[in-house]
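Novice:
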Amino acid sequence: MNRNVLIVILLILAIFSINFGSISAQSDFQVFNWSTGGDVTNNTEFNSKIPHSDIVDEIVEGAKRGTPMLRFGNGSGHSVLICAGVHGNELSSQIAALTLINEIKSLKSEINGTIYIIPMAIPLDTALNQREFNGTDPNRDADVNGTVTNNVFKLSQNFSVIALGDFHTTYLPINLEDDDEILVTYPKTGYQNNLIYVYTMHKLINTPLIEYPMDTPQNPGVLQAHANFNGIPSFTYETKTRFGYVDGNSAERSLLGMKAFLTATGIYDFFNTDSSLINDSSLVNNNIFDDKLINVGLEECG
Ligand SMILES: [Zn+2]
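Here the sequence shown stands for residues 4 to 305, where the numbers follow the working numbering.
1. How many Å lie between Phe136 and Asp277 at the Cα?
2. Just to check, is the beta-carbon of His229 closer than 7 Å to a non-hydrogen atom of ligand 1?
3. Among all residues, which have a Cβ less than 5 Å from at least one non-hydrogen atom of ligand 1, and in what chain order do they fall?
4. I'd like to confirm the pairing. Which residues does DSSP put opposite Gly168 in its beta bridges?
5. Is the distance from the Cβ of Ala166 to the Cβ of Thr268 below 8 Å?
6. Could you have a look at Lys262 and say whether DSSP puts it in helix, strand or coil?
7. Tell whether a beta-carbon distance below 8 Å holds between Gly76 and Asn132.
8. Using beta-carbon positions only, say whether Gly41 and Ser82 come within less than 8 Å of one another.
9. Under three-state DSSP, which class holds Met72?
10. I need the straight-line Cα distance from Met72 to Asp283, nearest angstrom please.
11. For a test of the three-state rule: what should DSSP assign to Ser159, helix, strand or coil?
12. At what residues does the alpha helix (DSSP H) containing Ile62 begin and finish?
13. Helix, strand or coil: how does DSSP classify Ile53 here?
14. In this structure, how does DSSP classify Tyr248 when only helix, strand and coil are distinguished?
15. Please report the straight-line C-alpha distance between Ile26 and Leu110, rounded to a whole angstrom.
16. If you draw a straight line from the alpha carbon of Thr44 to that of Asp57, how long is it in whole angstroms?
17. Using beta-carbon positions only, say whether Ile104 and Val151 come within less than 8 Å of one another.
18. Would you tell me roughly how many angstroms separate the C-alpha atoms of Asn153 and Arg143, rounded to the nearest one?
19. Distance check for Glu113 and Ser279, CA to CA, integer angstroms please.
20. Provide the residue(s) that pair with Tyr271 in DSSP beta bridges, ordered along the chain.
21. Can you list, in chain order, the residues of its chain with a C-beta nearer than 6 Å to that of Ala145? Leave out the 5 residues immediately preceding and following it.
22. Output the distance between the C-alpha atoms of Gly138 and Gly80, rounded to the nearest integer angstrom.
23. State the beta-bridge partners of Ile281 as determined by DSSP.
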């Protein structure tokens with residue numbers, strides 16, 4: 004057998020390793036064996052905030068073996084992927100993703116497309132409440148074959164998603180007055196489809212938009228950068244909270260960002276949105292939110 008073909012087959016097997024099958028007719032649960040498994044209940048702060056339910060407890064159990072992923076919807080229509088927990092010590096977005104799963108599991112056929120959710124990308128790091136994975140920042144090596152973020156990117160490709168939302172938290176000194184503000188980062192130049200989604204999210208929940216400098220040499224390994232550079236509209240969504248803690252209403256604000264994403268992409272309308280707002284390219288062309296843009300350094304986000 005051709006060596007490259009064998010490598011591709013092994014890669015596919017590695018990505019699609021464990022399938023726990025359907026939870027319901029409209030959802031599906033998988034655990035990917037990426038050596039990322041961990042018992043997230045060992046993280047006492049995280050464990051105290053887990054929105055327990057049958058499905059969440061099954062996810063927490065499955066996460067001991069690797070990276071869990073849920074699919075909601077009937078497999079038709081547009082697909083999107085929501086990722087949380089690339090940095091294990093950023094807890095609020097992971098709690099938000101589990102809460103989102105609890106909320107949308109009953110929506111079933113009302114979902115206009117397919118939603119993939121990776122609520123805890125690296126459960127081992129969530130369990131240890133730490134940022135680095137195997138000694139490196141997992142959101143700086145998305146352009147390296149076989150890394151966790153590279154695998155998430157490849158899943159996005161395989162699912163032909165129209166957009167990938169990567170949900171983080173931060174407590175670094177970003178130049179905003181309100182410590183509780185929510186941040187969206189994205190590449191400003193090009194990527195019109197991506198900008199439409201992000202501008203629509205901003206319009207829905209009035210999130211400050213942060214211009215993420217995408218042209219600096221160290222950026223290609225950021226998941227949203229690698230996705231955007233390879234044709235998948237993507238953004239990083241930052242909710243402000245301390246690393247390792249779920250402060251205040253940070254989980255609720257992260258959840259609001261996820262709902263804005265699903266609304267902006269037309270997958271499910273959580274806001275009774277005027278349909279003319281969706282895919283309104285004038286949002287981008289008019290640059291109506293440019294006064295909200297703030298330049299930040301790469302190491303302050305993501
Ligand atoms: Zn992060």
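Where a beta carbon is used, it is the ideal one built from N, C-alpha and C, also for glycine.
Specialist: According to the structure data:
1. Sequence index remark: in the sequence shown, residue 136 carries index 133 (1-based). Sequence index remark: in the sequence shown, residue 277 carries index 274 (1-based). Looking at the two C-alpha atoms, the distance is approximately 42 Å.
2. Your numbering for residue 229 matches position 226 in the sequence shown. No - ligand 1 has no heavy atom lying nearer than 7 Å to the Cβ of His229.
3. His90, Glu93 and His171
4. Within the sequence shown, numbered from 1, the residue matching residue 168 stands at position 165. Gly168 pairs with Ile85 and Phe238.
5. Walking along the sequence shown from the start, residue 166 turns up at place 163. Walking along the sequence shown from the start, residue 268 turns up at place 265. Yes. Within cutoff.
6. Taking the sequence shown and counting its residues from 1, the one referred to as residue 262 is at position 259. The answer is helix: DSSP assigns Lys262 an H, G or I state.
7. Taking the first residue of the sequence shown as 1, we reach residue 76 at position 73. Taking the first residue of the sequence shown as 1, we reach residue 132 at position 129. No, the Cβ-Cβ distance between Gly76 and Asn132 is not below 8 Å.
8. Position 38 of the sequence shown, counted from the start, is the residue given in the question as residue 41. Position 79 of the sequence shown, counted from the start, is the residue given in the question as residue 82. Result no, Cβ atoms of Gly41 and Ser82 do not sit closer than 8 Å.
9. The residue labelled residue 72 in the question sits at position 69 within the sequence shown. It is a strand residue.
10. As a first step, residue 72 must be located in the sequence shown, where it is residue number 69. As a first step, residue 283 must be located in the sequence shown, where it is residue number 280. Approximately 31 Å, taken between the alpha carbons.
11. Numbered from 1 along the sequence shown, position 156 holds the residue referred to as residue 159. Reduced to three states, the DSSP call for Ser159 is helix.
12. On the sequence shown, residue 62 is found 59 positions in, with the first residue counted as 1. Asp57 to Gly65 is the span of the alpha helix (DSSP H), which, as asked, contains Ile62.
13. Translated into the one-based positions of the sequence shown, residue 53 becomes position 50. DSSP places Ile53 in coil when its eight states are reduced to three.
14. Locating residue 248 in the sequence shown gives position 245, counting from the first residue. Here Tyr248 sits in coil by DSSP.
15. Against the sequence shown, residue 26 aligns to sequence position 23. Against the sequence shown, residue 110 aligns to sequence position 107. Its pLDDT being 42, under 50, Ile26 is placed unreliably by the model, and the measurement read from it follows with that caveat. C-alpha separation (whole angstroms): 14 Å.
16. As a first step, residue 44 is located in the sequence shown; it is residue number 41 there, counting from the start. As a first step, residue 57 is located in the sequence shown; it is residue number 54 there, counting from the start. Roughly 15 Å between the two C-alpha positions.
17. On the sequence shown, residue 104 is found 101 positions in, with the first residue counted as 1. On the sequence shown, residue 151 is found 148 positions in, with the first residue counted as 1. Cβ distance not < 8 Å, so Ile104 and Val151 don't count as in contact.
18. For the purposes of this step, residue 153 is taken as the residue at position 150 of the sequence shown. For the purposes of this step, residue 143 is taken as the residue at position 140 of the sequence shown. Cα to Cα, Asn153 sits roughly 10 Å from Arg143.
19. Working through the sequence shown from its first residue, we reach residue 279 at position 276. Working through the sequence shown from its first residue, we reach residue 113 at position 110. Taking the straight line from one Cα to the other gives about 20 Å.
20. The residue you call residue 271 lines up with position 268 of the sequence shown. None; Tyr271 has no bridge partner.
21. Working through the sequence shown from its first residue, we reach residue 145 at position 142. If we look at Ala145 and ignore the five residues flanking it on each side, its Cβ neighbours are Thr152, Asn153, Phe156, Gly224, Leu226 and His229.
22. Taking the sequence shown and counting its residues from 1, the one referred to as residue 138 is at position 135. Taking the sequence shown and counting its residues from 1, the one referred to as residue 80 is at position 77. The straight-line gap from Cα to Cα measures roughly 39 Å.
23. Here residue 281 corresponds to residue number 278 of the sequence shown, with the count starting at 1. According to DSSP, which records beta bridges pairwise, Ile281 is partnered with nothing at all.
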